[in-house]
Every structure is written in structure tokens, then in C-alpha cells.
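Here is the structure we will look at, set down as C-alpha cells.
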Amino acid sequence: MKVIADCAFKRKTEKSENETRKIEGKGKRKMKTIIRPLTDLSKNMSVIDSYMKHNTPVFVTKGGASYMVVLSHQQYERMQEEIAFLKRLAVADAESRQRNMVDVDDLEKDISDILEEPTNDDFINSDSDAIQR
């Protein structure tokens, strides 16, 4: 009996390790992966809570397969901010590929030209200088 239990435990452990590797390989940033069965949500909520306090996502399984991910509110908000930032980067990248941008040297020249153009104040000051003489 012990041999059968050991084999079943090894298979379950190997499956969990493979699933952990698969999940970790999906993102560029590696994070600690916790895989827990669905029954832990109701029976061992204190364990899930302890992971939430350390901002560690918990991958929940149902029937041995991936079912859901439990995140803290802080993690969720950070993830939403990262997604919004990546969307803005994608828009900027698309605009740069379409060449809807101005060369920095051209922009500096345009700004200096604008700053060097005479304004009405310049004419008024030069007229008042002429009147005072």
C-alpha cells in the first residue's frame, strides 16, 4: 500500500511542479507560485489569507486542473496600472511606426524660431525708445 501511495504522491507532485513551471514560464517576471486545491478556499482560508498579506497570488485548482487565480486588491490594482501603461506604450509605438512624430532637432529649431520672432511688445518698446530720444 505504501508503494502505491508514494507513486500517487510522486505523480501529483510532478504534475504540480510541471504546472508551476508552465505558469512561471508565461510571464517575464518570475514570482512565487502557490498552487492550492479549491477546497482550501472554504476549509483553509487562513492559509490563503497569509499569502494575500505577502502579495503572493494563489493559483487554485479544481479536479487537478487550473481553475482560478486569487490576488490581493493591491496586486490587482498594480496589474491594472501595468496593463494601462503597456497600452499607452503600444499606442506610442504604433504612432512612431506611422511616423507621426517630429524630429527633435526640427522641434528645437521651430521653438528657437518662435522665440526669436519679434512680438508686438518688441515694436512698442522700440517705438518708445525712439520717442524718448
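Numbering (the numbering used here), first residue to last: 5 to 137.
Ideal placement from N, C-alpha and C gives every residue a C-beta, glycine not left out.
Owing to the predicted nature of the structure, the values given are computational and were not obtained by experimental measurement.
Roughly how many whole angstroms lie between the Cα atoms of residue 79 and residue 120? Along the sequence shown, one-based indexing puts residue 79 at 75. Along the sequence shown, one-based indexing puts residue 120 at 116. Cα to Cα, the separation comes out at about 51 Å.
Exposed or buried, residue 38, counting other C-beta atoms within 10 Å across all chains shown (16 or more means buried)? As a position in the sequence shown, residue 38 is number 34, starting the count at 1. Answer is buried; the Cβ neighbour count reaches 16.
If you check the beta carbons only, do residue 82 and residue 62 fall under 9 Å apart? Within the sequence shown, numbered from 1, the residue matching residue 82 stands at position 78. Within the sequence shown, numbered from 1, the residue matching residue 62 stands at position 58. It is not a contact, given that the beta carbons lie outside the stated cut-off.
Can you check whether the CB of residue 74 is closer than 9 Å to the CB of residue 52? By one-based count along the sequence shown, residue 52 stands at place 48. By one-based count along the sequence shown, residue 74 stands at place 70. It is a contact, given that the beta carbons lie within the stated cut-off.
Less than 6 Å between C-beta atoms, sequence neighbours within five positions excluded: which residues of the same chain meet that for residue 10? One-based indexing of the sequence shown puts residue 10 at position 6. Residue placement at residue 10 is poorly supported in this model, since its pLDDT is 39, which falls under 50; the coordinates are not used for a value here.
Since residue 99 and residue 105 should fall inside the 8 Å C-beta cutoff, what is the C-beta to C-beta distance between them, to a whole number of angstroms? One-based indexing of the sequence shown puts residue 99 at position 95. One-based indexing of the sequence shown puts residue 105 at position 101. With a Cβ gap of about 7 Å, residue 99 and residue 105 count as contacting.
Nearest-angstrom Cα distance between residue 43 and residue 49? Here residue 43 refers to the residue found at position 39 of the sequence shown. Here residue 49 refers to the residue found at position 45 of the sequence shown. Going by the C-alpha atoms only, they are around 9 Å apart.
Along the chain, where does the beta strand (DSSP E) containing residue 66 start, and where does it finish? Taking the sequence shown and counting its residues from 1, the one referred to as residue 66 is at position 62. Where residue 66 is concerned, the enclosing beta strand (DSSP E) stretches over 62-66.
Just confirm the distance between the C-beta atoms of residue 64 and residue 90, as a whole number of angstroms; I'd bet it's less than 8 Å. The sequence position of residue 64 within the sequence shown is 60, counting from 1. The sequence position of residue 90 within the sequence shown is 86, counting from 1. Not confirmed; about 26 Å, so no contact.
Less than 9 Å separating the beta-carbons of residue 47 and residue 76? The residue labelled residue 47 in the question sits at position 43 within the sequence shown. The residue labelled residue 76 in the question sits at position 72 within the sequence shown. No, these two residues do not count as a Cβ contact at 9 Å.
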